[in-house]
Amino acid sequence: MVWIALALFGLACSEKETSKGSIKLYLTDAPVDAENIESVFISIKEIQLKKDGNWVTAANFDLPIQLDILSYQNGQTYFVTEQEIPTGKYTEARMILSDGSSNLQGLSDLSYILYNDGRTDLLDVPSGTSSGYKAKGEFELNAGGAVGVTLDFDVRKSIVQAGASNKFILKPVVRIVANQNASSINGTFDKGTI
Numbered sequence: 460m461v462w463i464a465l466a467l468f469g470l471a472c473s474e475k476e477t478s479k480g481s482i483k484l485y486l487t488d489a490p491v492d493a494e495n496i497e498s499v500f501i502s503i504k505e506i507q508l509k510k511d512g513n514w515v516t517a518a519n520f521d522l523p524i525q526l527d528i529l530s531y532q533n534g535q536t537y538f539v540t541e542q543e544i545p546t547g548k549y550t551e552a553r554m555i556l557s558d559g560s561s562n563l564q565g566l567s568d569l570s571y572i573l574y575n576d577g578r579t580d581l582l583d584v585p586s587g588t589s590s591g592y593k594a595k596g597e598f599e600l601n602a603g604g605a606v607g608v609t610l611d612f613d614v615r616k617s618i619v620q621a622g623a624s625n626k627f628i629l630k631p632v633v634r635i636v637a638n639q640n641a642s643s644i645n646g647t648f649d650k651g652t653i
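The opening residue of the sequence shown carries number 460 in my numbering; numbering runs sequentially from there.
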């Protein structure tokens with residue numbers, strides 16, 4: 460009887476351990492048309508993924524990471540993180556962007572456009588610092604498996620200039636791309652049988 464209880468306990472523990480999988484998260488962008496734009500910087504505090512109506516944190520940064528999204532085009536990607544997260548089907552991602560309150564100098568924790576002549580324009584991100592800058596798409600993560608996921612920006616469509624205020628607004632035009640599904644195979648190779 461004790462053996463049965465221990466076996467069931469061991470089975471429950473192993474199921475609990477395999478209820479997670481590994482995600483590698485990347486960012487990339489489609490080419491932008493505007494010849495006078497040198498860089499588009501976004502400053503990210505957190506990345507979350509949506510599963511069964513709930514948000515799961517995939518990356519959380521003590522200080523925001525700021526990157527020039529235009530540097531990651533034509534097959535180039537920015538590696539964000541590798542994390543273990545719960546298994547299941549994910550349908551959405553959101554990036555919580557910095558509101559500039561991290562006590563960093565100048566523009567280093569803001570989202571903005573840099574022009575070829577050195578001018579800058581801040582990017583207004585409606586609800587990007589609270590409910591997040593969202594991306595649609597699906598991927599499945601199996602127990603003990605691994606998946607690579609890219610958040611694919613289209614900055615050309617994402618930046619909109621508001622009418623009267625002339626502010627530049629960053630609107631979400633991002634999609635989730637599942638790069639690959641992977642699993643591991645364990646075994647030995649006996650070269651004597653060849």
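For glycine and all other residues, C-beta sits at the position ideal for the given N, C-alpha and C.
Checklist entry - Between which two residues does the alpha helix (DSSP H) carrying R615 extend? => result Here residue 615 corresponds to residue number 156 of the sequence shown, with the count starting at 1. Taken as a continuous stretch (DSSP letters only), the alpha helix (DSSP H) holding R615 covers V614 to S617.
Checklist entry - Does the beta-carbon distance from G607 to K509 come in below 8 Å? => result Start at 1 with the first residue of the sequence shown, and residue 607 comes out as number 148. Start at 1 with the first residue of the sequence shown, and residue 509 comes out as number 50. No, the Cβ-Cβ distance between G607 and K509 is not below 8 Å.
Checklist entry - For S658, which three-state DSSP category applies? => result Because the chain spans 460 through 653 in this model, residue 658 falls outside it and cannot be assessed.
Checklist entry - Any idea what DSSP makes of L526, helix, strand or coil? => result For the purposes of this step, residue 526 is taken as residue 67 along the sequence shown, with counting starting at 1. Taken through DSSP and simplified to helix, strand or coil, L526 comes out as strand.
Next on the checklist: Tell me whether the segment 492 to 508 and the segment 547 to 557 touch, counting them as touching only if at least three CB pairs, one residue from each stretch, are closer than 8 Å.
Outcome noted: Taking 8 Å as the limit for Cβ pairs, the verdict is that the segment 547 to 557 does touch the segment 492 to 508.
Checklist entry - Got a sec? Which residues, its chain only, sit under 7 Å from S438 by beta carbon, not counting five neighbours each side? => result Outside the modelled stretch of the chain, which goes from 460 to 653, sits residue 438, for which no answer is possible.
Checklist entry - Can you tell me whether Y531 is buried or exposed, with buried defined as 16 or more other CB within 10 angstroms of its CB? => result By 1-based counting over the sequence shown, the position of residue 531 is 72. For Y531, the number of other beta carbons within 10 angstroms of its own is at least 16, and it is reported as buried.
Next on the checklist: Quick check on the burial criterion: 16 or more other C-beta atoms within 10 angstroms. Buried or exposed for L610?
Outcome noted: For the purposes of this step, residue 610 is taken as the residue at position 151 of the sequence shown. The residue is buried, with at least 16 neighbouring Cβ atoms inside 10 Å.
Checklist entry - Any idea which residues DSSP pairs L566 with across the strands? => result To locate residue 566, count along the sequence shown from 1; it is residue 107. Here L566 is not bridged, per DSSP, to any residue.
Checklist entry - Three-state secondary structure (DSSP) at D583? => result In the sequence shown, counting from the first residue as 1, residue 583 sits at position 124. Here D583 sits in strand by DSSP.
Next on the checklist: Helix, strand or coil, according to DSSP, for Q535 in the structure here?
Outcome noted: By 1-based counting over the sequence shown, the position of residue 535 is 76. Shown here, Q535 sits in coil according to DSSP, grouped into three states, outside any helix or strand.
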